[in-house]
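Okay, so here's the structure we're looking at.
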Amino acid sequence: MARATPQPRTNTPARPTRRSGEVVVPKRVPKGRKSDTVQVQWSDGAGELNYDELTPAQSWPFLRDDKQ
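Numbering (numbering that gives the first Met the number 0), first residue to last: 0 to 67.
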């Protein structure tokens with residue numbers, strides 16, 4: 000039986016970036032810990048959906064809190 004609407008795989012809110020079609024999601028970790036990596040999903044010019052997990056060194060700009 001097919002669902003009428005697709006359901007997200009995670010309850011973590013996605014943060015859109017400056018590029019359209021690119022989504023950055025913090026990696027799920029056990030409760031009480033903070034993620035040090037992010038997972039990126041984007042569509043390339045050929046229309047293919049790409050997925051990658053960034054290293055902690057690449058992820059820190061997306062994970063920092065800019066509450067100034």
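Heads up, the beta-carbon is just placed ideally off N, CA and C, and yes, glycines get one too. Just so we're clear, the structure is a prediction, and the values are computed from it rather than from any experiment.
Could you check what DSSP says for residue i in three-state terms: helix, strand or coil?
i: LEU48; result: strand
Look up residue i in the DSSP assignment and give the residues it is bridged to.
i: SER42; result: LEU48
Would you mind giving the Cβ-Cβ distance between residue i and residue j, rounded to the nearest angstrom? I have them listed as a contact below 8 Å.
i: VAL37; j: LEU48; result: At roughly 17 Å, the Cβ-Cβ gap does not stay under 8 Å, so VAL37 and LEU48 are not in contact.
i: SER34; j: LEU62; result: 7 Å
Closer than 8 Å, CB to CB, is residue i near chain C or not?
i: TYR50; result: The chain labelled as chain C is not found in the depicted structure, where only one protein chain is given.
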